[in-house]
Ligand SMILES: *Cc1c(COP(=O)(O)O)cnc(C)c1O
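Numbering (my numbering), first residue to last: 23 to 418.
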């Protein structure tokens with residue numbers, strides 16, 4: 023069996039999205055900035071995509087700016103808020119310890135420029151506490167940036183409450199919604215969101231294409247200078263085929279969401295139940311307030327890397343920590359943020375299911391992971407010491 027269970031890293035492009043792309047490469051390949059009709063056809067295609075996307079998140083088309091993906095959108099949103107803050111003499115930013123590196127590294131850069139950053143505590147359930155956010159806001163705060171759903175442990179933050187607090191306090195609220203959009207309902211008005219980042223390849227659209235929603239009245243800062251594309255806020259000839267494919271994929275995801283979510287959640291819970299039977303294991307993050315396809319476990323006495331290699335032999339694509347940190351030996355900053363100690367965090371496994379996952383595949387995942395964990399523990403000196411009582415178990 024071959025199972026792609028790494029949909030948080032990237033997704034397969036949908037057939038509809040690919041089909042939407044082709045005519046814009048083969049026939050209507052004009053430059054949207056050209057004035058002749060051939061160019062204007064491409065321009066129309068982009069504006070159609072903008073309208074489609076805006077409608078899905080209850081925004082106005084003028085509030086959508088296309089980017090090269092989630093990372094660029096995160097950078098642009100945070101730097102915009104920082105520049106606006108600086109003009110008012112406000113240099114304090116609030117975020118959380120388990121954000122994506124596109125957020126955390128941008129904040130690091132701003133710290134070097136004199137901003138102060140408060141990273142809210144992420145509790146053991148993988149959630150921040152709105153009251154702690156409220157208490158952290160000062161007169162100097164210019165931005166709150168909290169992700170909608172976490173890319174490793176899938177936990178869904180109380181976004182609407184966070185947005186309400188920010189609105190009440192008059193602080194800009196940005197959310198990295200890369201993992202959420204296309205998988206969870208989002209309404210930027212009801213959720214009180216000022217800025218939102220999204221990426222096409224996390225919902226069956228193309229890679230290298232994303233967008234940033236910015237509420238009317240907020241003046242966006244440029245990351246890239248040049249031509250007047252995207253109302254002068256993001257120079258560079260638009261990736262027309264990818265933009266149209268992304269809108270097509272998002273529409274498809276939004277239309278199928280209710281049905282997919284119900285099905286995925288059922289199979290996700292079956293997988294969680296099956297893996298919880300492995301002794302000295304623990305689910306990371308709240309069991310219910312999580313993305314419909316996300317399962318993330320720690321197994322004591324296991325090296326995540328070895329687990330991945332043996333699962334690969336069984337045809338299973340999975341992940342341990344995020345794709346960005348694999349290759350480094352540091353344990354995931356997300357697992358450390360929820361209080362997992364280094365040794366336990368090293369033995370983590372993330373399985374992120376696609377919408378087309380079946381019960382048979384879930385059972386194969388349970389059997390394979392159980393077999394591989396037992397096999398690895400069989401010759402692990404760490405496990406032998408744990409079993410012999412020389413070192414105490416951390417996970418029950
Ligand atoms: C994938 C991801 C990103 C980065 O998006 P790219 O389009 O790959 O740049 C940012 N944030 C989160 C939460 C992600 O999962």
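Glycine included, each C-beta is placed from N, C-alpha and C at the ideal position.
Taking contact to mean 3 or more Cβ pairs, one atom from each stretch, closer than 8 angstroms, check whether the stretch 63-77 and the stretch 255-275 are in contact. Between the stretch 63-77 and the stretch 255-275, the count of C-beta pairs closer than 8 angstroms reaches three or more; the two stretches touch.
Presumed contact (8 angstroms Cβ cut-off) between residue 293 and residue 384, rounded CB distance: In the chain shown, the residue the question calls residue 293 occupies position 271. In the chain shown, the residue the question calls residue 384 occupies position 362. Contact between residue 293 and residue 384 holds, with the beta-carbon distance rounding to 5 angstroms and staying under 8 angstroms.
Quick one: is the Cβ of residue 29 within less than 7 angstroms of any heavy atom of ligand 1? Sequence index remark: in the chain shown, residue 29 carries index 7 (1-based). Checking every heavy atom of ligand 1 against the Cβ of residue 29, none is found closer than 7 angstroms.
Using CA atoms only, rank isn't needed, just tell me which of 320, 139, 207 is closest to residue 281. Numbered from its first residue, the chain shown carries residue 281 at position 259. The residue with the shortest Cα to Cα distance from residue 281 is 207.
For the putative contact between residue 124 and residue 341, defined by C-beta atoms under 8 angstroms, what is the C-beta separation to the nearest angstrom? In the chain shown, residue 124 corresponds to position 102, counting from 1. In the chain shown, residue 341 corresponds to position 319, counting from 1. Wrong, their Cβ atoms sit about 17 angstroms apart, outside the cutoff.
How close, in whole Å, do the beta carbons of residue 257 and residue 240 come, if the pair is a contact with beta carbons under 8 angstroms? Along the chain shown, read from residue 1 onward, the residue named residue 257 stands at position 235. Along the chain shown, read from residue 1 onward, the residue named residue 240 stands at position 218. Under the criterion of beta carbons closer than 8 angstroms, residue 257 and residue 240 do not qualify as touching, at roughly 19 angstroms.
Residue 111 (DSSP reduced to helix, strand or coil): Numbered from 1 along the chain shown, position 89 holds the residue referred to as residue 111. In the structure shown, residue 111 sits in coil (DSSP, three-state: anything other than H, G, I, E or B).
In terms of residues, what are the limits of the alpha helix (DSSP H) holding residue 72? Taking the first residue of the chain shown as 1, we reach residue 72 at position 50. Note, residue 72: alpha helix (DSSP H), 59-78.
Would you decide whether residue 255 is buried or exposed? Buried here means 16 or more other CB atoms lie within 10 Å of its CB. Here the question's residue 255 lines up with position 233 in the chain shown. Residue 255 comes out buried.
Under the criterion of a Cβ to heavy atom distance below 7 angstroms, does residue 221 qualify as lining ligand 1? As a working note, residue 221 is residue 199 in the chain shown. Yes, Cβ of residue 221 sits closer than 7 angstroms to a heavy atom of ligand 1.
Helix, strand or coil at residue 338 [DSSP, three-state]: On the chain shown, position 316 is the one that residue 338 refers to. Strand, per DSSP.
Terminal residues of the alpha helix (DSSP H) in which residue 312 lies: Locating residue 312 in the chain shown gives position 290, where the first residue counts as 1. Careful: residue 312 lies outside any alpha helix (DSSP H) and carries neither H nor E.
Same chain, Cβ closer than 6 angstroms to residue 399, neighbours up to 5 away in sequence not counted: Within the chain shown, the letter at position 377 stands for residue 399. In chain order, 323, 405 place their CB closer than 6 angstroms to the CB of residue 399, counting only its own chain and leaving out the 5 sequence neighbours on each side.
Stretch pair the stretch 193-204 + the stretch 56-72: three plus CB contacts closer than 8 angstroms: Contact fails: fewer than three Cβ-Cβ distances are below 8 angstroms.
Residue 198: first and last residue of the uninterrupted beta strand (DSSP E) it sits in: By 1-based counting over the chain shown, the position of residue 198 is 176. From DSSP, the beta strand (DSSP E) with residue 198 extends over 194-198.
Tell me where the beta strand (DSSP E) around residue 217 begins and ends. Counting from 1 along the chain shown, the entry for residue 217 is found at position 195. Counting along the chain, the beta strand (DSSP E) containing residue 217 begins and ends at 217-221.
Buried versus exposed call for residue 366 [16 or more other C-beta atoms within 10 Å across all chains shown]: Locating residue 366 in the chain shown gives position 344, counting from the first residue. Residue 366 should be labelled buried.
Among the candidates 45, 314, 196, 62, whose CA atom is the shortest distance from the CA of residue 27? Counting from one through the chain shown, the residue named residue 27 turns up at place 5. The shortest C-alpha separation from residue 27 is found at 314.
Please report how far the alpha carbon of residue 266 lies from the alpha carbon of residue 51, in whole angstroms. Translated into positions along the chain shown, residue 266 becomes position 244. Translated into positions along the chain shown, residue 51 becomes position 29. C-alpha separation (whole angstroms): 12 angstroms.
Does the structure place the stretch 84-94 close enough to the stretch 219-238 that three or more beta carbon pairs sit under 8 angstroms? Contact between the stretch 219-238 and the stretch 84-94 is present, because at least three Cβ pairs lie under 8 angstroms.
What are the boundary residues of the beta strand (DSSP E) that residue 140 is part of? To locate residue 140, count along the chain shown from 1; it is residue 118. Counting along the chain, the beta strand (DSSP E) containing residue 140 begins and ends at 138-142.
Just the Cα atoms here: how many angstroms apart are residue 151 and residue 361? Along the chain shown, one-based indexing puts residue 151 at 129. Along the chain shown, one-based indexing puts residue 361 at 339. Each residue's Cα considered, the two are about 15 angstroms apart.
Which term fits residue 224, buried or exposed, when burial requires 16 or more other beta carbons within 10 angstroms of its beta carbon? Within the chain shown, the letter at position 202 stands for residue 224. Buried, by the Cβ-count rule.
With distance defined between alpha-carbon atoms, name the residue in 167, 235, 213 nearest to residue 219. Position 197 of the chain shown, counted from the first residue, corresponds to residue 219. Here the closest residue by C-alpha is 235.
Give the secondary structure of residue 344 by DSSP, where H, G and I count as helix, E and B as strand, and everything else as coil. The residue you call residue 344 lines up with position 322 of the chain shown. Low confidence applies here, because residue 344 scores a pLDDT of 45, under 50, leaving its location unreliable; read the following figure in that light. In the three-state reduction of the DSSP assignment, residue 344 falls in the coil class, being assigned neither a helical nor a strand state.
Measuring alpha carbon to alpha carbon, tell me which residue in 109, 126, 111, 110 is nearest residue 117. Taking the chain shown and counting its residues from 1, the one referred to as residue 117 is at position 95. Taking only the C-alpha atoms, the option nearest residue 117 is 126.
For a test of the three-state rule: what should DSSP assign to residue 399, helix, strand or coil? For this step, residue 399 is matched to residue 377 along the chain shown. Residue 399: helix per DSSP, three-state reduction.
Would residue 29 pass as a contact of residue 376 if the rule is Cβ separation under 8 angstroms? Locating residue 29 in the chain shown gives position 7, where the first residue counts as 1. Locating residue 376 in the chain shown gives position 354, where the first residue counts as 1. Their beta carbons are under 8 angstroms apart, which means residue 29 touches residue 376 by this criterion.
In three-state DSSP terms, what is residue 157? Position 135 of the chain shown, counted from the start, is the residue given in the question as residue 157. Three-state DSSP puts residue 157 in a helix.
Would you mind reading off the limits of the beta strand (DSSP E) that contains residue 164? For this step, residue 164 is matched to residue 142 along the chain shown. Unbroken beta strand (DSSP E) run through residue 164: 163-167.
Does at least one heavy atom of ligand 1 sit under 7 angstroms from the Cβ of residue 169? Position 147 of the chain shown, counted from the first residue, corresponds to residue 169. Indeed, a heavy atom of ligand 1 lies less than 7 angstroms from the Cβ.
Look at the alpha carbon of residue 395 and the alpha carbon of residue 158, and state the distance between them as a whole number of angstroms. Working through the chain shown from its first residue, we reach residue 395 at position 373. Working through the chain shown from its first residue, we reach residue 158 at position 136. Roughly 42 angstroms separates the two Cα atoms.
Locate the alpha helix (DSSP H) running through residue 366, then write down its first and last residues. Position 344 of the chain shown holds residue 366. Where residue 366 is concerned, the enclosing alpha helix (DSSP H) stretches over 364-368.
Would you mind stating whether residue 178 and residue 166 have Cβ atoms separated by less than 8 angstroms? As a working note, residue 178 is residue 156 in the chain shown. As a working note, residue 166 is residue 144 in the chain shown. 8 angstroms or more divides the Cβ of residue 178 from the Cβ of residue 166.
Alpha-carbon spacing of residue 188 relative to residue 180, whole angstroms: Here residue 188 refers to the residue found at position 166 when the chain shown is read from its first residue. Here residue 180 refers to the residue found at position 158 when the chain shown is read from its first residue. Near 13 angstroms, if we compare the C-alpha coordinates of residue 180 and residue 188.
Any heavy atom of ligand 1 inside 7 angstroms of the beta-carbon of residue 5? Within the shown structure, residues of the chain are numbered from 23 to 418, placing residue 5 beyond reach of any answer.
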